[in-house]
């Protein structure tokens, strides 16, 4: 894949990727953008190894998910910015969203990172369980359990 | 099923305000340009290291061969320089000067080969 091809394909996918990462970061759009940038640079460095037969968006999601997990590990190691605190660190243009999606972000923040990822990939991005298992390097049964648990927790939190 | 529909609707309706697309892509392209610069620098360094390692190999082999050949032309013992007052170590060295020369030559060749292999195997 040439640089131009990569840029063109990323141009088509970046909005969906950033939307997913913003939800994954519980509304922290600045953090989501940083993770997206890091993930896309990593994907660019590995673009020569990309198999054209595969799905480009799923490949990007996989890279982004790994970067997100690494970023969270680094945060935990530094013991800074708990998730509740991160919720208040919105991007400069996120003030409207803070109120609009406050309930959703708070509910997502209570889920574990793996459950949140599975829920978002399944319900927001429309991936199948098999694809989610590939993206997160988990088994299909583990994803089914995470979806079931996530559904239950969100039902309780959002009062449905 | 109702939960599924509720979550699907809830998340389908999730459209947070993201930063400007063009700004985001501009930032990405700048980072990609930096990556390309680093890659070009690494390629140049690798080429330089390979050239240097080939030179080191050539120099090591030439010097090693010269020292080895020179060691065979040296006399077994330099009687003229021995007057009986030298320390024992010097005498031992003088008696084994050929072998010492041979060892130095072999060391030159070995080190040049090792250094060459290490340099060539340096990954960017």
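Residue numbers (UniProt numbering), protein chains in the order written: chain Z, 1 to 160; chain S, 1 to 124.
C-beta: ideal position from N, C-alpha, C; glycine also.
- Membership of residue 118(Z) in the alpha helix (DSSP H) is indicated by the continuous run 113 to 119.
- Residue 72(S) has a beta carbon lying at 8 Å or more from every beta carbon in chain Z.
- According to the DSSP assignment, residue 44(Z) belongs to the alpha helix (DSSP H) that extends over 29 to 45.
- The beta carbon of residue 30(S) lies closer than 7 Å to none in the same chain, with the five residues before and after it left out.
- Straight-line spacing of the CA atoms in residue 15(S) and residue 22(Z) works out to 10 Å.
- Under the Cβ criterion (8 Å, minimum of three pairs), the stretch 35 to 52 of chain S does not count as touching the stretch 126 to 144 of chain Z.
- Residues of the stretch 39 to 64 of chain Z that bring their beta carbon within less than 8 Å of a beta carbon in chain S comprise 40, 41, 44 and 45, in sequence order.
- Contact of residue 117(Z) with chain S is not assigned, every C-beta pair being separated by 8 Å or more.
- In the three-state DSSP reduction, residue 95(S) falls in the helix class (H, G or I).
- Its chain contains 58 as the residues whose beta carbon lies nearer than 7 Å to that of residue 131(Z), once the 5 sequence neighbours on both sides are disregarded; these appear in chain order.
- Using a Cβ-Cβ cut-off of 8 Å, residue 42(S) does not count as an interface residue toward chain Z, since no Cβ of chain Z sits closer than that to its own.
- Here DSSP, grouped into helix, strand and coil, assigns residue 25(Z) to coil.
- Cα atoms of residue 59(S) and residue 112(S): separation of roughly 8 Å, rounded to the nearest angstrom.
- In the three-state reduction of the DSSP assignment, residue 157(Z) falls in the helix class.
- Bounds of any alpha helix (DSSP H) do not take in residue 1(Z), whose DSSP letter is neither H nor E.
- Within chain S, the residues 16 and 18 have their CB atoms less than 8 Å from the CB of residue 22(Z), given in chain order.
- Here residue 56(Z) really is in contact with residue 9(Z); their C-beta atoms are around 5 Å apart, less than 8 Å.
- Annotation for residue 124(Z): no alpha helix (DSSP H) segment contains it, and DSSP assigns it neither H nor E.
- By the CB criterion at 8 Å, residue 119(Z) and residue 133(Z) fall outside the cutoff.
- The three-state secondary structure of residue 71(S), taken from DSSP, is helix.
- Ranked by Cα distance from residue 39(Z), the options 74(Z), 129(Z), 61(Z) and 25(Z) are led by 61(Z).
- Listed along chain S, the residues sitting closer than 9 Å to residue 29(Z) by beta-carbon distance are 16, 17, 18 and 19.
- Contact fails between the stretch 26 to 42 of chain S and the stretch 46 to 53 of chain Z, because fewer than three Cβ pairs, one in each stretch, are under 8 Å apart.
- According to the DSSP assignment, residue 105(Z) belongs to the alpha helix (DSSP H) that extends over 102 to 110.
- The CB of residue 30(S) never comes closer than 8 Å to any CB in chain Z; the least such distance is about 10 Å.
- When secondary structure is reduced to three states using DSSP, residue 57(S) falls in the helix class.
- Interface annotation, residue 1(Z): not in contact with chain S, CB-CB separation never under 8 Å.
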